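Quick note: the numbering used here has the sequence shown finishing at residue 166, numbered continuously throughout.
Ideal Cβ placement from N, Cα and C applies to all residues, glycine included.
Remember, it's a predicted structure, so these values are computed and weren't measured experimentally.
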Amino acid sequence: LVMQYDKDPQVRQFVDQMEWYIVPLLNPDGYEYSRSSSDPEIRLWRKNRSPARCIQQSTGLFSAPQTTCCQGVDLNRNFDWFFGQVGSSTDPCSEIYQ
Numbered sequence: 069l070v071m072q073y074d075k076d077p078q079v080r081q082f083v084d085q086m087e088w089y090i091v092p093l094l095n096p097d098g099y100e101y102s103r104s105s106s107d108p109e110i111r112l113w114r115k116n117r118s119p120a121r122c123i124q125q126s127t128g129l130f131s132a133p134q135t136t137c138c139q140g141v142d143l144n145r146n147f148d149w150f151f152g153q154v155g156s157s158t159d160p161c162s163e164i165y166q
């Protein structure tokens, strides 16, 4: 776009009539983590690397609670549009957590 701006009227119009936001990288720590491993599960990492959050969950009436820890926040889901609606989970370790 930059190189064709002065040469192509369509490019000029496209650039002039749009609002542009350039975001180089929104999740640098998650990106670095996902690229530092050959493990396919880690290569698909979506969350940032904020400290692990641990919760206790009961699996039944007579069973002892189990502690589950999960790392990071999925930045794609960290806003209030449809937060907690259909297609989300209340489990903070889930890939579709609210």
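A direct Cα-to-Cα measurement between S157 and E163 gives close to 8 Å. Between the C-alpha atoms of M71 and W88 there is a straight-line separation of about 16 Å. Judged by DSSP in its simplified three-state form, D97 adopts helix. Counting of Cβ neighbours within 10 angstroms places G155 among the exposed residues, the total staying below 16. When secondary structure is reduced to three states using DSSP, S102 falls in the helix class. Residue burial is scored here from C-beta neighbours: G98 has at least 16 other C-beta atoms within 10 angstroms and is therefore classed as buried. Its chain contains no residue whose beta carbon lies nearer than 6 Å to that of Q78 once the 5 sequence neighbours on both sides are disregarded. According to the DSSP assignment, R111 belongs to no beta strand (DSSP E) but to the alpha helix (DSSP H) extending over 108-111.
Spatial neighbours of C122 in its own chain (CB-CB distance under 6 Å, excluding positions within 5 residues in sequence) are listed in chain order as T135, C137. DSSP places R121 in the uninterrupted beta strand (DSSP E) bounded by 121-125.
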